[in-house]
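Engineer: What follows is a structure written as structure tokens; I'll ask about it next.
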Amino acid sequence: MTAPRHPAHPDHPVHSDHPVHSDLLALARQAATRAGTLLRDGRPADLAVAATKSSPIDVVTEMDIAAEKLITDTISAVRPDDGFLGEEGASAEGTSGIRWVIDPLDGTVNYLYGLPTWSVSIAAEHHGETVVGVVAIPMRGELFHAVRGEGAHATGAWTGERRLTCRPSPPLDQALVSTGFNYVAEVRAHQAEVAARLIPLLRDIRRGGSAAVDLCDLAAGRLDGYYERGLNPWDVAAGDLIAREAGAHTGGRPGEPPSPALTVAATPGVFQPLQTLLDDFGAWRD
Ligand code: IPD
Ligand code: CA
Ligand code: CA
Numbered sequence: 315m316t317a318p319r320h321p322a323h324p325d326h327p328v329h330s331d332h333p334v335h336s337d338l339l340a341l342a343r344q345a346a347t348r349a350g351t352l353l354r355d356g357r358p359a360d361l362a363v364a365a366t367k368s369s370p371i372d373v374v375t376e377m378d379i380a381a382e383k384l385i386t387d388t389i390s391a392v393r394p395d396d397g398f399l400g401e402e403g404a405s406a407e408g409t410s411g412i413r414w415v416i417d418p419l420d421g422t423v424n425y426l427y428g429l430p431t432w433s434v435s436i437a438a439e440h441h442g443e444t445v446v447g448v449v450a451i452p453m454r455g456e457l458f459h460a461v462r463g464e465g466a467h468a469t470g471a472w473t474g475e476r477r478l479t480c481r482p483s484p485p486l487d488q489a490l491v492s493t494g495f496n497y498v499a500e501v502r503a504h505q506a507e508v509a510a511r512l513i514p515l516l517r518d519i520r521r522g523g524s525a526a527v528d529l530c531d532l533a534a535g536r537l538d539g540y541y542e543r544g545l546n547p548w549d550v551a552a553g554d555l556i557a558r559e560a561g562a563h564t565g566g567r568p569g570e571p572p573s574p575a576l577t578v579a580a581t582p583g584v585f586q587p588l589q590t591l592l593d594d595f596g597a598w599r600d
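Taking my numbering, the leading residue of the sequence shown gets 315, the next gets one more, and so forth.
The structure is reproduced here in structure tokens:
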């Protein structure tokens with residue numbers, strides 16, 4: 315059985331001295347900050363739905379598309395040989411061994427309604443392994459970032475720069491756990507049944523509306539756990555690294571890594587009991 319994923323080097327230094335990773339981090343921070351500013355300051359007052367995807371409530375706006383273009387243009391200008399996987403269609407193999415996994419706007423429904431919980435999520439993979447993750451949360455003035463093996467950090471207007479560690483694990487019945495619901499009605503109906511079985515066994519459940527923000531909130535000690543079925547690589551790539559580098563464990567069904575079937579992330583003491591309950595309750599199926 316595969317152990318839950320956790321930081322490779324618990325005694326990691328605070329600052330990266332790996333030139334390649336620090337260059338990737340700087341570029342990811344620049345691209346996420348630019349896109350976040352565009353989304354925050356450029357949001358049209360009459361913002362409308364440009365298209366729908368898996369269902370009529372799975373929406374895309376012109377700003378999702380503009381933000382992805384800004385991110386890929388920013389990265390390509392410096393690193394023309396890198397690959398891309400972006401939610402809004404960016405797709406390129408690349409030849410450098412680096413691939414950028416991008417959700418230009420995670421939490422589009424919140425953004426559409428003017429709610430503040432949305433983010434820009436950018437991860438860099440090196441030969442398939444995530445080495446850098448950046449999540450910008452513009453309406454909070456926060457930017458989360460992690461380099462593999464070197465810890466997770468956040469910069470914020472009201473907190474300054476700080477090293478992230480998830481909070482001490484409580485007993486499961488005192489755990490605050492976030493989740494999300496799919497855009498397809500039948501799927502979310504089953505997800506609601508799972509949540510209904512889980513909620514009496516926890517402190518409470520939250521539904522924030524951005525998977526990347528949920529994972530950063532776990533890293534920052536603002537949640538004890540998070541789970542969701544139906545996520546795509548761009549939803550979790552950056553946040554998964556940030557959570558693990560802050561000391562959280564992440565996985566899927568028992569013995570498996572996070573996947574579209576199930577993503578579970580939690581403080582070390584909450585992870586295994588939460589994962590077991592989710593597996594028992596069928597959180598991994600529709
Ligand atoms: C969604 C958000 C939401 C989660 C959905 C995602 P989007 O991403 O992360 O919290 O529950 O599963 O699809 O569509 O806003 O990029
Ligand atoms: Ca998303
Ligand atoms: Ca998105």
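Ideal Cβ positions, reconstructed from N, Cα and C, are used throughout, including at glycine.
#1: Rounded to whole angstroms, what is the Cα-Cα separation between residue 500 and residue 474?
#2: Confirm, please, whether the CB-CB distance from residue 338 to residue 446 is below 8 Å.
#3: Assess contact between the stretch 517 to 526 and the stretch 380 to 400, defined as three or more Cβ pairs (one per stretch) separated by less than 8 Å. Is contact present?
#4: Going by DSSP in three states, residue 359 sits in which element: helix, strand or coil?
#5: Assuming residue 590 is part of the beta strand (DSSP E), what are its boundary residues?
#6: How would you label residue 327, buried or exposed, when you count the other beta carbons within 10 angstroms and need 16 or more for buried?
#7: Under a three-way DSSP split, which group does residue 497 fall into?
#8: With 16 as the cutoff for other CB atoms within 10 Å, does residue 518 come out buried or exposed?
#9: Unbroken beta strand (DSSP E) runs of length 3 or more, entirely within the stretch 470 to 529: which are they?
#10: Using only alpha-carbon positions, find the residue among 512, 502, 491 and 516 that is nearest to residue 529.
#11: Look up residue 335 in the DSSP assignment and say whether it is helix, strand or coil.
#12: Taking 7 Å as the cut-off, is the C-beta of residue 542 nearer than that to any heavy atom in ligand 2?
#13: In the structure shown, what three-state DSSP assignment does residue 412 receive?
#14: Rounded to whole angstroms, what's the CA-CA distance from residue 464 to residue 555? Just pull it up for me.
#15: Would you say the beta carbon of residue 402 is closer than 7 Å to some non-hydrogen atom of ligand 2?
#16: Could you tell me which residues DSSP pairs with residue 451 in its beta bridges?
#17: Buried or exposed: where does residue 513 fall if 16 or more other Cβ atoms within 10 Å of its Cβ makes it buried?
#18: Can you tell me whether residue 439 is helix, strand or coil according to DSSP?
#19: Pop quiz: residue 378 and residue 430 are said to be a contact at Cβ under 8 Å. What is the actual Cβ separation, rounded to whole angstroms?
Structural biologist: Let me lay it out:
#1: 43 Å
#2: yes
#3: no
#4: coil
#5: Run containing residue 590: none in the beta strand (DSSP E); it sits in the alpha helix (DSSP H), 582 to 594.
#6: Legend: pLDDT at residue 327 = 41, less than 50; position of this residue unreliable, value from coordinates given subsequently. Classification of residue 327: exposed, given that the 10 Å Cβ count is below 16.
#7: coil
#8: exposed
#9: 474 to 477, 490 to 493 and 518 to 520
#10: 491
#11: helix
#12: no
#13: strand
#14: 11 Å
#15: no
#16: 456
#17: exposed
#18: strand
#19: Incorrect: roughly 17 Å between the Cβ atoms, too far for contact.
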